[in-house]
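Worksheet: the structure to be examined is printed underneath.
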Amino acid sequence: MSSGVTTTTTTATAGTDEYGIEHVPGPWDCTGESWWFVSYPLTSKLQVHEGAINPLDFHEGVNDGFAGGPGLIMVIRYSDTPVGAYDELLYAPGFFNTPNAPSSRYRITNIYVSSKETTYNGRRNWGIPKHLAVFNFDTSPTTGHTRITVAHPETPSSPFFVAVVADIPLVSRVPLPFSTTFSPLNMEFHQPALKAVEGAKGRENGETGTTCWKTCKPWMGGKMRLVKCVELKNGNGDGTWPDQVDGLWNLAVHWPPGMKLKFPEGKDFPTPNL
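For the sequence shown, our numbering begins at 1098 and goes up steadily by one.
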């Protein structure tokens, strides 16, 4: 059985601040592999469950304007980025109202990564509320199933996210070229100002804050194929990841290694937090 855990360390330079981590602004050109787990609740009730929004990051009331739409859990294994290789798990519940656009926009409300360099830069550049986690990827040589687990560094044997994906006979053999250029959805993200995580641990992990709204519209492209989700577990009941995600599909999308992802330079909005 093969497995992988990604960790990244870079040396601080003269371009660092009190966090001691080099600032690497956008644009970023990245390469990797990804799995998308889509949710679309078949109900008119708009809600996000506890743990969908990390309580460490956001000012009170800033995420009250949930507008629904398709949600997305995304796992990415970055093999090449400006801050090195790292792994990522993110949750975007759907669209939220924003003071900076006439209609709602996507928002990442919870996200974990495997390096402090991308934690710091993701928060500073784009207002993406990243925190550190431990990732494992295991592919069975007998079944071909890929098991993905994500856990807090303090409890690596108790993952708060588990996904097992498998090929669909015949269907998964045919990868199709695709990019988000052709997506019918507006993939522009509007991220509120972030609170810094206080204390020495927050500084060590690069969990910096921001002072204004930020936006970016990432681009993703490559080959994609449909796979099935054999198992999916969300949450540990501690509020750091949603225990419930409504309307999750049994089908998932796999972007094989070689996928490209581009993050443009983040744009700041001179808008107060609410």
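Virtual Cβ for every residue (Gly too), placed ideally from N, Cα, C.
Quick caveat, the model's predicted, so the values are computed rather than measured.
Item: Same chain only: Cβ atoms within 6 angstroms of Asn-1151, ignoring 5 sequence neighbours per side; Value: Asn-1207, Pro-1226
Item: With 16 other Cβ atoms within 10 Å as the buried cut-off, status of Ile-1265; Value: exposed
Item: Asn-1331 (DSSP reduced to helix, strand or coil); Value: strand
Item: Candidates Leu-1348, Pro-1281, Tyr-1116, of which the one nearest Ala-1263 by Cα; Value: Leu-1348
Item: Member of Ala-1182, Pro-1179, Tyr-1183, Leu-1143 whose CA lies at the smallest distance from the CA of Pro-1190; Value: Leu-1143
Item: Range of the contiguous beta strand (DSSP E) that encloses Trp-1133; Value: 1125–1136
Item: Closest Cα partner of Pro-1199 within the set Ser-1131, Asp-1184, Val-1135, Asn-1283; Value: Asn-1283
Item: Beta-carbon proximity of Leu-1187 to Ile-1205, cut-off 8 angstroms; Value: yes
Item: Pro-1196 to Trp-1223 span [Cα, whole Å]; Value: 17 angstroms
Item: Coil, strand or helix - Trp-1352 by DSSP; Value: strand
Item: Segment contact flag, the segment 1270–1283 with the segment 1153–1160, C-beta cutoff 8 angstroms, min 3 pairs; Value: no
Item: Buried/exposed call for Ser-1082, threshold 16 Cβ in 10 Å; Value: Because residue 1082 is not part of the residues shown, which for the chain are 1098 to 1371, the question remains open.
Item: Backbone CA spacing between Arg-1220 and Phe-1163 [nearest angstrom]; Value: 21 angstroms
Item: Continuous beta strand (DSSP E) assignments of at least 3 residues falling wholly in the segment 1209–1294; Value: 1227–1229, 1231–1236, 1243–1248, 1258–1264, 1273–1276, 1286–1288
Item: Cβ neighbour criterion (16 or more within 10 Å) applied to Leu-1139; Value: exposed
Item: Reduced DSSP category for Ala-1182 - H, G, I as helix; E, B as strand; rest coil; Value: coil
Item: Classification of Ala-1182 by the beta-carbon crowding that lies within 10 angstroms, buried from 16 upward; Value: buried
Item: Bridge-paired residues (DSSP) for Ala-1189; Value: Leu-1169
Item: Nearest neighbour of Gly-1334, chosen from Lys-1314, Ser-1255, Glu-1295 [CA to CA]; Value: Ser-1255
Item: C-beta atoms of Arg-1174 and Glu-1214 nearer than 8 angstroms; Value: no
Item: Where Thr-1216 falls, given that 16 or more other Cβ within 10 Å makes a residue buried; Value: buried
Item: Residues sharing a beta bridge with Arg-1202, DSSP; Value: Phe-1193
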